[in-house]
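Have a look at the structure below, then the notes.
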Amino acid sequence: EPRQTAILLDGVSLRSPNAANGYPLGSLSTANIERIEILRGAQSSLYGPDAAGGVINIVTKPGTVEPTGEFALETGSMNSIRATWSTSGSKGPLNYSFVSDHFETEGVSAARSGTELDPYDKDYFQGRLDYALNQGSRLSFFGFQTDSVAHTDNAASLDSLAVSKERNSLLRGQLELGRTQSERESIIGFSSKTFHSTDGFGSNYHGYSKEFDWRLFGEISDRLSVGGGLEHSDDRGKQELAWSPDQDVSLNTWAGYLNGQVELSDSLFTEIALRHDENNRYGGETTGKFAVSGSWHPHWRAFGSLGTFFVAPNAYYLANAKSLSSLRPETGAAVDFGIERSFGEGLGFVSIGWFQRETKKQFDWTTWSPGNPSYVINVNRTKSKGLEGELDLNINSSWSAQLSMTLQEAEDLNGKRALYSRPEKMFSGSIDWSSVDEVMGVNLGFRHVGKRLDGENLNSPAFTVCDLTTIVRARANCEIHIRIENIFDNDYTEMVDWNGNHYGTFGRSAFLGVTWRY
């Protein structure tokens, strides 16, 4: 499930207590991102229940010593326009970084047979302040706010005028203590998050979360590192529903965890973690993780992990259940292992891994029918397994290529059916070229999504989409780019609704942009 992979912004969870997918990913901006870190496998013992499927940590650009700024403007198909401004710098011990991003588009009709367009616009603001207290400690404040408005239809079946609105915000303050600037020994943080949305059909959703966390870590010896933490969250979800009585649900959770990393030899490493969550509605549960990584050749490495997880239903799922007492927490275990090989000095690598996860009491929805609205239930036992692979090649100084794949089976073991929206096959990749003087670069990318069960036991067909991006450095501080999405103008389907109708998707579209740095 999307909600079972933890999404972090600079190490802080973006989990919403009142959302079906757990995280409002659509409200984030790609502006000001320095890198994205991915941890695969069950990570709940360190990162909480929502990390049953892994962790994605979005790291933003920090403040710079010298003041810098960037302005980017892009326009193109569907009367789309994006304007982004960012600035960063420092003044004495204070570093700062700010970004503002505006995007709007006329879009297409969400109902493929619709005649009116469904526009979308979003405003995003993010800021960060870091104050150096001494060589190894700092006080930080950061956060974001996003406002978006989307026109939508009644699924893909009826062309209608429905306007959904969303406002999300995060404010975080944290104190980092350490001996050196690069080694932190303790982090104490407080976070306040709010989420507000309306679905365009008369229902409103409100989520509030107050979180406290304290993390400790350090080296006991050259081969042993230990860490631990304490977390507390107060969550509240209010729903003003058009079709049923209003709901107001509160959840309170305490958690503590310990982990140790042991270097058994120069080529063999292990990690052990234990976590205990105490929920005011569902009591306590202890989860654990064991991971190992070893190399037996300068270019070969093997890795594997085994972890368990415990996920209490959030306010959204409780409010959409038959009753507040009808849902039980999800529990389960996940295992993965694989090998990878690197090629020469930075020539690339290849990796292949196998994964399997079993979940008990997984949250799911009953079948919808006219006059019989669906509600959330526990599915007794589900299972997913498959292979993941990745190939990265740096052919020479100008050419590189990447390819990744996922082959999976995901099923409800009791209902004897595939789980919804899990493609059997997924492939993606790109070929990159840059001139020797790095004045020009070209990226050709593709994604292939195999058939998957959607709607009410209806299959969405497989599709492949290719995109092309060209970047030209006109001056040392100015870049011009051209993007063409769906370059072959494929008529494809992301998913179907419960009547089997296809949602609208973009045809071939082109965009021209310029980025100016000062």
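Everything in the sequence shown is counted per our numbering, starting at 57 for the first residue and increasing by one. Cβ atoms here follow ideal geometry from the backbone N, Cα and C, with glycine treated the same way.
{"query": "Report buried or exposed for Phe366, applying the criterion of at least 16 other Cβ atoms within 10 angstroms of its Cβ.", "result": "buried"}
{"query": "State buried or exposed for Ile114, treating a residue as buried only when at least 16 other CB atoms are found within 10 Å of its CB.", "result": "buried"}
{"query": "Tell me, which residues are paired with Phe399 by DSSP?", "result": "None, per the DSSP bridge assignment."}
{"query": "When the Cα of Arg503 is compared with those of Phe519, Gly402, Leu65, which residue comes out closest?", "result": "Phe519"}
{"query": "Can you tell which of Gly258, Ser361, Glu172, Asp291 has the C-alpha that lies nearest to the C-alpha of Leu297?", "result": "Gly258"}
{"query": "Along the chain, which unbroken stretches of the alpha helix (DSSP H) at least 4 residues long are found entirely within the stretch 357-408?", "result": "371-375"}
{"query": "Measure the alpha-carbon distance for Ser453 versus Trp489 and round it to whole angstroms.", "result": "9 angstroms"}
{"query": "At 3 residues or longer, and completely inside the stretch 111-168: list those beta strand (DSSP E) runs for me, N to C.", "result": "124-132, 136-147, 150-161"}
{"query": "Compute the Euclidean distance between the alpha carbons of Arg71 and Thr526, then round it to the nearest angstrom.", "result": "35 angstroms"}
{"query": "Beta-carbon within less than 6 angstroms of Leu330's beta-carbon, same chain only, minus the 5 sequence neighbours each way: which residues are those?", "result": "Leu314, Gly344"}
{"query": "Under 6 angstroms Cβ to Cβ from Arg564, same chain only, skipping five residues before and after it: list those, please.", "result": "Asn542, Asp545"}
{"query": "Below 8 angstroms between beta carbons: does that hold for Leu227 and Ala167?", "result": "no"}
{"query": "Label Asp553 either buried or exposed according to how many other C-beta atoms from any shown protein chain fall within 10 Å of its C-beta, with 16 as the threshold for buried.", "result": "buried"}
{"query": "Anyone know if the C-beta pair for Ala75 and Phe251 falls short of 8 angstroms?", "result": "yes"}
{"query": "Return the chain-ordered list of same chain residues with a C-beta closer than 6 angstroms to the C-beta of Arg96, the five sequence neighbours on each side being excluded.", "result": "Gly110"}
{"query": "In this structure, what does DSSP give as the bridge partners for Lys481?", "result": "Leu463"}
{"query": "Under 8 angstroms Cβ to Cβ from Asn450, same chain only, skipping five residues before and after it: list those, please.", "result": "Gly402, Leu403, Gly404, Ser456"}
{"query": "Leaving out five residues before and five after Leu469 in sequence, what residues of the same chain have Cβ atoms less than 7 angstroms from its Cβ?", "result": "Arg437, Thr438, Lys439"}
{"query": "Quick check on DSSP: helix, strand or coil for Tyr187?", "result": "strand"}
{"query": "What span of residues does the beta strand (DSSP E) with Tyr264 cover, start to end?", "result": "260-277"}
{"query": "Please determine if the stretch 352-369 and the stretch 382-398 are in contact, where contact requires at least 3 C-beta pairs separated by less than 8 angstroms.", "result": "yes"}
{"query": "Determine the direct distance from the alpha carbon of Leu320 to that of Glu160, and round the result to whole angstroms.", "result": "54 angstroms"}
{"query": "Name the one or two DSSP bridge partners that Gln412 has.", "result": "Val391, Lys441"}
{"query": "Is DSSP giving Ala107 helix, strand or coil here?", "result": "helix"}
{"query": "Three-state secondary structure (DSSP) at Ser100?", "result": "helix"}
{"query": "Identify the residues that DSSP records as bridge partners of Phe544: which are they?", "result": "Note: Phe544 sits in no beta bridge, so no partner."}
{"query": "Restricting to Cα atoms, I'd like to know which of Leu374, His288, Ala371 is closest to His332.", "result": "His288"}
{"query": "May I ask you to list the residues that DSSP assigns as paired with Met496?", "result": "Val528"}
{"query": "Please name the residue, chosen from Gly501, Lys417, Asn555, that lies closest to Asp510 on a Cα-to-Cα basis.", "result": "Asn555"}
{"query": "Provide the residue(s) that pair with Tyr313 in DSSP beta bridges, ordered along the chain.", "result": "Gly285, Arg331"}
{"query": "What's the gap between the Cα of Ala530 and the Cα of Ile540?", "result": "20 angstroms"}
{"query": "Kindly indicate the opening and closing residues of the beta strand (DSSP E) around Lys221.", "result": "214-234"}
{"query": "Relative to the ligand SAH, is the shortest distance from any of its heavy atoms to the C-beta of Ser277 smaller than 7 angstroms?", "result": "As presented, the structure is devoid of all ligands, the ligand SAH included, so that no description of it is given."}
{"query": "Can you tell me whether DSSP reads Ser83 as helix, strand or coil?", "result": "helix"}
{"query": "Specify, as a first and last residue, the run of the beta strand (DSSP E) that Gln60 falls within.", "result": "Counting along the chain, Gln60 falls outside any beta strand (DSSP E), and DSSP gives it neither H nor E."}
{"query": "Taking only three categories from DSSP, how would you classify Gly506?", "result": "coil"}
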